[in-house]
Amino acid sequence: MNSFSTNIDRVNSLLTTFPRVELANIPTPLEKMQRLSKHIAGPSYFVKRDDLTGFAGGGNKARQLEYSFGEAIQRGADMILVTGAVQSNYVRSAAAAAAKFGLSCHVQLENRVDDMPSSYHQSGNVLLNKLFGASTSTFHIGEDEAAADANIADIARDYAKKGRKPYLLTLSPDTQPLGALGYMRCAGEILDQLHNQNKSVSAIVVASGSAATHVGLLLGLRLLRSRIPVYGICVRRDKKQQVSRVKGIVRLAENLIGCGEVVQEDDIKCHDEWLQPGYGRTNEFVYEAMTLAGNLEAMVVDPVYTAKSFAGAIGLYRQGLFNKSQNILYLHTGGTPAIFAYEREITETLNQGLTT
Ligand SMILES: *Cc1c(COP(=O)(O)O)cnc(C)c1O
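In terms of the working numbering, the sequence shown opens at residue 146 and continues consecutively.
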C-alpha cells in the first residue's frame, strides 16, 4: 500500500458524496526553504506552497471553494453572495470562481480595520473583485460576524424575491464547513508528497482564521492515521476563542462526513503570540517575516495572514517547541494580492530600517 496517491485516494473515497468543481492547480510544491533554514539555524523548514494554487491570485481559498461551488452549482444557483474583510482573499477567490462558472456575484466588505489609507480600500483584492465583475456593498461593523452574516442573508433574500437563485457563502462556525473538505484532501496530498520525497515532518504550522484550513488539515491527517501535530497561528481571534472555534468546526466537519470523533480535544493547538494588535494590523514580527521570506526565499507573505503564521513557524522554535533535528512544514496559505493594499505602511517601515 505505498503506491503514489494512496492517501489522496483514501480521502477521496470519504468525500465521494460531496459535489466538487476544480479550481486549484494541484498538487502544489512541497519544498525545503534552504536559505531560511540556514539563517534560522534551527530545524529544517519546509513549505507547502498553497500560495501557488494558481487560481485568480492563488491561496488556500481555491481548495476550499471547490466544494462550496460544487454545492452551489448542484443546487442550480445563478448568483453567489459572499461577505468578508475589505482585503479578504476568500471574497476575491469567490468572485473569481463565480466569474469562471458564469454566476453573478455580490460581495459585502466588512470594515474590520480602521484608519487605513486609500490603497487598503482600493488596491489588492478590492481591485481584483472589480475585475472579476462582482458588485460590492460595505458593512460598517467589522467585528460582528453574526451581524455581517445576517446582513448578507437579507441581501440574498431580496435577490431571491426578484427571482434570482442566490447561494450564500459564509464562514460562521454554525454553517457546514465545506471548505474544510478541501484541506482534508490537502492532508492526503501532503502525506503522499512526504512519502514520495522520503521525508517526515515533526509539525505543520498554519494560519488559523475561519479555521477551515486548520480543521480540514487536522481532521484529514487523523483520518489518515497520521499523528503530525498541527499548530494553528491565530490571525483573527485570541487563543481561547480560536481553540473553541476550531473544536466546534472539527465536530461539524466530523458530522458532515460521518466519521465519528476522530480529533481529540487536546490535539487542538492554537498560538496567538503573533496576532497583536489584532486582525489586519502589523507588528514587528510581521515585518521580520516578510523580510526573511522575501530576501531568503523569494516568497511573499502578507501582513494579514501569512506573515503572522510564518512568524509563528519561526517563533515556536525560538520558544523551544521545536528543535534542530526536526523538519517543520509551514503551510503557505497565500494572500499575495493583499501586499499591495499595505504598500504605504510596508514602504515606510522598510525605509525606516526597522527590520532585521
Ligand atoms: C483565509 C486565509 C487564511 C486563513 O484560513 P482559514 O481557513 O480562514 O482559517 C490564511 N491565509 C490567507 C492568505 C487567507 O486568505
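Glycine included, each C-beta is placed from N, C-alpha and C at the ideal position.
Identify whether residue 391 lies in helix, strand or coil by the three-state DSSP scheme. Helix, per DSSP.
Straight-line CA distance for residue 488 to residue 457? In a straight line, the C-alpha of residue 488 is about 23 Å away from that of residue 457.
Work out the CA separation of residue 497 and residue 165 for me, nearest whole Å. Each residue's CA atom was taken as its position, placing residue 165 and residue 497 some 47 Å apart.
Is residue 206 near ligand 1 - that is, is its Cβ less than 7 Å away from at least one heavy atom of it? Between ligand 1 and residue 206, a heavy atom-to-CB distance of less than 7 Å is present.
Please state whether the Cβ-Cβ distance between residue 224 and residue 254 is less than 8 Å. For residue 224 and residue 254, no; Cβs fall outside 8 Å.
DSSP on residue 174, reduced to helix/strand/coil? DSSP places residue 174 in coil when its eight states are reduced to three.
Among 200, 382, 209 and 305, which one has its Cα closest to the Cα of residue 221? Of 200, 382, 209 and 305, the residue nearest in Cα terms is 305.
Flag this pair as yes or no: are the beta carbons of residue 425 and residue 449 separated by less than 8 Å? In this structure, residue 449 lies closer than 8 Å to residue 425 by Cβ.
So residue 351 and residue 375 are in contact, right, with Cβ under 8 Å, and what is the actual spacing, rounded? Confirmed, about 7 Å.
For ligand 1, I want to know if residue 412 counts as a neighbour, meaning its beta carbon is within less than 7 Å of at least one of the ligand's heavy atoms. Taking 7 Å as the cut-off, the C-beta of residue 412 does not count as close to any heavy atom of ligand 1.
Out of curiosity, what's the CA-to-CA distance linking residue 506 and residue 274? Any property of residue 506 remains undetermined from this structure, which presents the chain solely from 146 to 501.
Using the beta-carbon count (16 or more within 10 Å), is residue 367 buried or exposed? Buried is the call here.
In this structure, does DSSP put residue 228 in helix, strand or coil? For residue 228, the three-state secondary structure derived from DSSP is strand.
If I follow the unbroken beta strand (DSSP E) through residue 249, where does it start and stop? 249-255 is the span of the beta strand (DSSP E), which, as asked, contains residue 249.
Beta-bridge partners of residue 375, as assigned by DSSP: DSSP lists 349 as partners of residue 375.
Tell me which residues share the same chain as residue 393 and place their Cβ nearer than 7 Å to its Cβ, disregarding the 5 neighbours each side in the sequence. Excluding positions up to five away in sequence, the list reads 318.
Can you look up residue 331 in the DSSP assignment and give me helix, strand or coil? Three-state result, residue 331: helix.
Rounded to the nearest angstrom, how far is the Cβ of residue 326 from that of residue 371, given a contact under 8 Å? About 17 Å separates the two Cβ atoms, so there is no contact after all.
Using beta-carbon positions only, say whether residue 413 and residue 380 come within less than 8 Å of one another. Their beta carbons are not under 8 Å apart, which means residue 413 does not touch residue 380 by this criterion.
Through-space distance from residue 194 to residue 163, alpha-carbon basis: Note on geometry: alpha-carbon atoms of residue 163 and residue 194 lie some 25 Å from one another.
Can we count residue 345 as close to ligand 1, meaning its CB is less than 7 Å from some heavy atom? Answer for residue 345: no, Cβ out of range of ligand 1.
Going straight from the alpha carbon of residue 406 to that of residue 416, what length do you get? Each residue's Cα considered, the two are about 23 Å apart.
Three Cβ pairs or more, each shorter than 8 Å: is that satisfied between the stretch 173-189 and the stretch 439-446? Between the stretch 173-189 and the stretch 439-446 there are three or more inter-stretch CB-CB distances shorter than 8 Å, so the stretches are counted as touching.
For residue 361, which option in 209, 308 and 240 has the closest C-alpha, if you only look at C-alpha atoms? Each of 209, 308 and 240 was checked against the Cα of residue 361, and the nearest Cα belongs to 209.
Comparing C-alpha positions only, which one of 192, 434, 492 and 228 sits nearest to residue 313? Checking every option, the nearest Cα to that of residue 313 belongs to 228.
Within 10 angstroms of the Cβ of residue 482, are there 16 or more other Cβ atoms? Answer buried if so, exposed if not. Buried.
Neighbourhood of residue 501 by C-beta, 8 Å cutoff - its chain only, sequence neighbours within 5 removed: Its pLDDT being 48, under 50, residue 501 is placed unreliably by the model, and nothing is read from it.
To the nearest angstrom, report how far apart residue 238 and residue 465 are at their CA atoms. Computed Cα separation, rounded: 37 Å.
Would you tell me roughly how many angstroms separate the C-alpha atoms of residue 174 and residue 469, rounded to the nearest one? Linking residue 174 to residue 469 through their CA atoms gives a straight-line distance of about 23 Å.
Using a threshold of 7 Å, is the CB atom of residue 184 nearer than that to any non-hydrogen atom of ligand 3? The model on display carries ligand 1 but not ligand 3.
N- and C-terminal bounds of the alpha helix (DSSP H) containing residue 489: It spans 488-496 - the alpha helix (DSSP H) in which residue 489 sits, taken as one unbroken run.
Could you work out which residue in 154, 188, 167 and 328 is closest to residue 216 when comparing CA atoms only? Of the candidates 154, 188, 167 and 328, the one whose C-alpha sits nearest the C-alpha of residue 216 is 167.
Chain-order list of residues whose beta-carbon lies under 6 Å from that of residue 197 (same chain, five-residue window excluded): So the list reads 173 and 203, once near-sequence residues are dropped.
Kindly list the residues whose CB is nearer than 6 Å to the CB of residue 147, restricted to its own chain and excluding five residues on each side of it in sequence; keep chain order. In this prediction, residue 147 scores a pLDDT of 48, lower than 50, which makes its location untrustworthy; no coordinate-derived value is stated.
Looking at ligand 1, does it come within less than 7 Å of residue 424, judged from the CB to the closest heavy atom? No, ligand 1 has no heavy atom inside 7 Å of this Cβ.
Using alpha carbons as the reference points, say which of 453, 176, 463 and 365 lies closest to residue 154. Proximity to residue 154 across 453, 176, 463 and 365 peaks at 365, based on C-alpha coordinates.
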